[in-house]
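S.K.: In UniProt numbering, the protein residues as written are 1 to 210. I'd like to ask some things about the structure below.
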DNA sequence: CTCCCGATAT
DNA sequence: ATATCAGGAG
């Protein structure tokens, strides 16, 4: 089984366990952008707890600029790096209003110009927000599982993404990321992977070796 | 490579 | 008390 066949089989099996959907709650691209900025180094579940209240108070980019920065900080206080993230969200709101007429950009190039947005965040917005497959979301789970699957040895996230883009069929890019993220959180954990109960343990090159 | 930083599990 | 979680900027 080569890498491409391996990926197809992995997707087929993981689909029986999880929905290939992002775990973040949102109702439009702007909310998705805010949620994704908040999700850096933070679990999606915690982000959802915060955004449930946040999105009732703040609807549009303008709403984030109406209140003092300190107020926004308090509203996201239970999130990691809340000061940096509050500042980035406000700066994004400002730029999106001034440069993009209030609409979140739908291209990689423009998204990467936003503060607090690198390829991971941009790929989430493009795939989950706009249904575009410009790249593959590579977070810590996709990074770790790709290496355990021997799909790439790249340490550099951007280069790892390039490797994956050559192996995974384009129409599956989004599914690949979200299925691996779910499996990484539940079974193929960073520290103590549950290989004994993993649906992939008969084909995984790293099964049972630690 | 350092800084940003809180919640939850153990 | 300490480990774990899990991106981006400078």
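Idealized CB from N, CA, C, for every residue including glycine.
On the three-pair Cβ rule with 8 Å, is the region 124-139 touching the region 44-64?
M.R.: With the cut-off at 8 Å, the region 124-139 and the region 44-64 do not touch.
S.K.: Might you give, ordered along the chain, the residues of its own chain that have their beta carbon closer than 8 Å to the beta carbon of residue 90, omitting 5 neighbours on each side?
M.R.: Correct list, in chain order: 64, 65, 69 and 72.
S.K.: Report the option in 181, 203, 202 and 208 whose CA atom is closest to the CA atom of residue 194.
M.R.: Considering only alpha carbons, the answer is 208.
S.K.: Identify whether residue 205 lies in helix, strand or coil by the three-state DSSP scheme.
M.R.: Three-state result, residue 205: coil.
S.K.: Given that a residue counts as buried once 16 or more other Cβ atoms are within 10 Å of its Cβ, and exposed if not, what is residue 205?
M.R.: Looking at its Cβ environment, which holds fewer than 16 other Cβ atoms inside 10 Å, residue 205 is exposed.
S.K.: Buried or exposed, going by whether 16 or more other CB atoms sit within 10 Å of the CB of residue 12?
M.R.: Residue 12 comes out exposed.
S.K.: Leaving aside the five residues before and after residue 60 along the sequence, list all residues of the same chain whose C-beta is less than 8 Å from its C-beta, in chain order.
M.R.: Hits under 8 Å: 30 and 102.
S.K.: Please state whether DSSP places residue 138 in a helix, a strand or coil.
M.R.: Coil at residue 138, not helix or strand.
S.K.: With a threshold of 16 other CB atoms inside 10 Å of the CB of residue 159, please say whether the residue is buried or exposed.
M.R.: When all chains shown are included, residue 159 counts as exposed.
S.K.: Do residue 36 and residue 121 have their C-beta atoms closer together than 8 Å?
M.R.: Yes, the pair counts as a contact, with Cβ atoms nearer than the cut-off.
S.K.: Going by other Cβ atoms of all chains shown within 10 Å of its Cβ, with 16 needed for buried, is residue 190 buried or exposed?
M.R.: By the 10 Å Cβ count, residue 190 comes out exposed.
S.K.: Give the single residue among 110, 114 and 104 whose Cα lies nearest to the Cα of residue 87.
M.R.: Among 110, 114 and 104, the Cα nearest to that of residue 87 is on 114.
S.K.: Got a sec? Which residues, its chain only, sit under 7 Å from residue 168 by beta carbon, not counting five neighbours each side?
M.R.: Cβ neighbours of residue 168 beyond the five flanking positions: 7, 136 and 176.
S.K.: Going by alpha carbons, who is nearest to residue 132 out of 200, 4, 94 and 174?
M.R.: The shortest Cα separation from residue 132 among 200, 4, 94 and 174 belongs to 174.
S.K.: Exposed or buried, which one is residue 40 when buried takes at least 16 other CB atoms within 10 Å?
M.R.: Label assigned to residue 40: buried.
S.K.: Output the distance between the C-alpha atoms of residue 210 and residue 148, rounded to the nearest integer angstrom.
M.R.: Confidence is the limiting factor: at residue 210 the pLDDT is only 38, short of 50, which leaves the residue's position unreliable, though a coordinate-based value still follows. Near 10 Å, if we compare the C-alpha coordinates of residue 148 and residue 210.
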